[in-house]
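This report concerns only the one structure given below.
2 protein chains.
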Amino acid sequence: MTTRKTPIRQKSAGSYHHGDLKTSLKEAALRLVREKGPRGFSLNEASRLAGVSVGAPYRHFPDKDALLAEIASNGNELLTVEITAAAKLVSGVKEKMIACGMAYLEFCRAHPDYFAVIFHAGLDKSKYPAVEQSARNAFGTIFELALAFERTPELAMQRAVSCWALVHGLASLRMDGGLAMMLQGKTRDEPIRYLLELFLDQPYE
Amino acid sequence: MTTRKTPIRQKSAGSYHHGDLKTSLKEAALRLVREKGPRGFSLNEASRLAGVSVGAPYRHFPDKDALLAEIASNGNELLTVEITAAAKLVSGVKEKMIACGMAYLEFCRAHPDYFAVIFHAGLDKSKYPAVEQSARNAFGTIFELALAFERTPELAMQRAVSCWALVHGLASLRMDGGLAMMLQGKTRDEPIRYLLELFLDQPYE
DNA sequence: AAGTTAGTGTAAACGCCGTTTACACTGGAC
DNA sequence: GTCCAGTGTAAACGGCGTTTACACTAACTT
Numbered sequence: 012m013t014t015r016k017t018p019i020r021q022k023s024a025g026s027y028h029h030g031d032l033k034t035s036l037k038e039a040a041l042r043l044v045r046e047k048g049p050r051g052f053s054l055n056e057a058s059r060l061a062g063v064s065v066g067a068p069y070r071h072f073p074d075k076d077a078l079l080a081e082i083a084s085n086g087n088e089l090l091t092v093e094i095t096a097a098a099k100l101v102s103g104v105k106e107k108m109i110a111c112g113m114a115y116l117e118f119c120r121a122h123p124d125y126f127a128v129i130f131h132a133g134l135d136k137s138k139y140p141a142v143e144q145s146a147r148n149a150f151g152t153i154f155e156l157a158l159a160f161e162r163t164p165e166l167a168m169q170r171a172v173s174c175w176a177l178v179h180g181l182a183s184l185r186m187d188g189g190l191a192m193m194l195q196g197k198t199r200d201e202p203i204r205y206l207l208e209l210f211l212d213q214p215y216e
Numbered sequence: 012m013t014t015r016k017t018p019i020r021q022k023s024a025g026s027y028h029h030g031d032l033k034t035s036l037k038e039a040a041l042r043l044v045r046e047k048g049p050r051g052f053s054l055n056e057a058s059r060l061a062g063v064s065v066g067a068p069y070r071h072f073p074d075k076d077a078l079l080a081e082i083a084s085n086g087n088e089l090l091t092v093e094i095t096a097a098a099k100l101v102s103g104v105k106e107k108m109i110a111c112g113m114a115y116l117e118f119c120r121a122h123p124d125y126f127a128v129i130f131h132a133g134l135d136k137s138k139y140p141a142v143e144q145s146a147r148n149a150f151g152t153i154f155e156l157a158l159a160f161e162r163t164p165e166l167a168m169q170r171a172v173s174c175w176a177l178v179h180g181l182a183s184l185r186m187d188g189g190l191a192m193m194l195q196g197k198t199r200d201e202p203i204r205y206l207l208e209l210f211l212d213q214p215y216e
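Protein sequence lines, in the order shown, are assigned to chains V and A.
Every position in the first sequence, counted from 1, becomes a number in the working numbering once 11 is added.
Every position in the second sequence, counted from 1, becomes a number in the working numbering once 11 is added.
Written out as structure tokens, the structure is:
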């Protein structure tokens, strides 16, 4: 299988300016992360993919981490969209929360590159408020659902965090590979759906 | 606060040989990971900390990742020990599983450096069977408990994976910082204990 | 139409990194 | 006392992130 799903737009041969280098760099970065992991990605190689010198990215990003941060934000936004869409497809608060959890798992399967940038690129998110904000937005989707579930915001927070942690934990373990053989095939999403259902059937405290 | 909890043993001034460079390198690596994150750690700096030239580590590890892999294995072993010890302190299968989950969370709090090396150093674990084996051993502790819980190994696996995912997810989110403010203080371990308890009270299927 | 300028690219350099190679020291086995 | 396996050093390599000084060009001004 070729990995060239999305060809990175190169600078056209004769012209001096690229046209949309910022976008090309983000695409190149995602592709490199997909192919060689978040540690295998280098700014220089992304520049080469975009057909541009190694200094050019610095006209668009203050440094490498800023590029990763922008990708992470984009990823969180995409996640928010997909979670929200999934919730819309069903009715009932409990069903919506379950749909969100399943959508999270689906997001990790469909976009491992974004997932890797968000969680495994070693980004110091406290340095990038936009990343934190986008993460809060994603989490907020499910937190608001939980609010309709619980008597107090504190309980809703606990409920939301528990659900989030459960699906995030499964996604992380899957991605990580350390327990790959344990999760091989057997552990599909159904048990998690069942667990979520079970959990959401129980009153909290 | 000084970060020099454990001084790294340096090569003594006059002598040519270090004595226990392998151990010193692992200590130095853990310290650097603690102080600057898994991406801030460099083999060269670890060598300097140990008072040794940058080529010396290659007498003890084939490459940088092999050093990280050995630390990851050590971390998994330590985790296994602590989980096992926690289970011994209580009686009853359910109580033991809960104790394991709590011990996992405590491990992440007490040893964020090991946790970071295991999960956030970008190690390709499939290249290091020892790491995979140590991870399986840790997981095996709770899987065996689950076996006493369920009718079939498949159900036990699902049960164990669910518990593991839950505590691992919470630990990851805590460590990650992306949702730091959401988890600030409010989300201590008790809700997770409650969730585990609730989950383990429910028959599976 | 010509001149100016802000934006965006290049080339070359810096120091740090991981890794390799050829060499040096040394403690213990014989 | 000699040898030698083990362990350290020094110097070099290419790749990386980043900075600096310079070059090109599209668009705006007049």
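Note that beta-carbon positions come from the ideal geometry of N, C-alpha and C, so glycine has one too.
Being a predicted model, the structure only gives us computed values, none of them experimental.
The alpha helix (DSSP H) enclosing R147(V), as first and last residue numbers: First-last of the alpha helix (DSSP H) with R147(V): P140 to L158.
Chain A contact residues for H131(V), given Cβ-Cβ distances below 9 Å: F130, H131 and G133
Under the three-state DSSP convention, the category I203(V) falls into: helix
Proximal residues to S145(V) (C-beta, below 6 Å), its chain only, five neighbours per side dropped: S84, N87 and E88
Beta carbon proximity, F72(V) to chain A, threshold 8 Å: no
When D124(A), G188(A) and E201(A) are compared against K47(A), the one with the closest alpha-carbon: Minimum Cα-Cα distance from K47(A) among the listed residues D124(A), G188(A) and E201(A) corresponds to D124(A).
Range of the contiguous alpha helix (DSSP H) that encloses T232(V): For chain V, the structure presents residues 12 to 216; residue 232(V) sits outside this window and is missing.
CB contact below 8 Å: L79(A) versus chain V: no
When P140(V), Y139(V) and E106(V) are compared against I153(V), the one with the closest alpha-carbon: Selected option, being the one with the closest Cα: E106(V).
Status (buried if at least 16 other CB within 10 Å, exposed otherwise) for K136(V): K136(V) is buried by the Cβ-count criterion.
Amino acids of chain V, ordered along the chain, whose beta-carbon sits closer than 7 Å to that of D187(A): F130
Nearest-angstrom Cα separation, counted from V128(V) out to T13(V): With a pLDDT of 43 at T13(V), under the threshold of 50, the predicted position of this residue should be treated as unreliable, and no value is reported.
Cβ-based burial, Q169(V) [other Cβ within 10 Å; buried from 16]: buried
Proximity to L41(A) [Cα-Cα], best of L32(A), A57(A) and S26(A): Ranking L32(A), A57(A) and S26(A) by Cα distance to L41(A) puts A57(A) first.
Interface residues of chain V facing L43(A) [CB-CB closer than 8 Å]: Taking a Cβ-Cβ threshold of 8 Å, none of the residues of chain V is close to L43(A); the smallest such distance is about 13 Å.
CB contact below 8 Å: S64(A) versus chain V: Chain V, which has no Cβ nearer than 8 Å to the Cβ of S64(A), makes this no.
V65(V), buried or exposed, once every other Cβ within 10 Å from all chains shown has been counted against 16: The residue is exposed, with fewer than 16 neighbouring Cβ atoms inside 10 Å.
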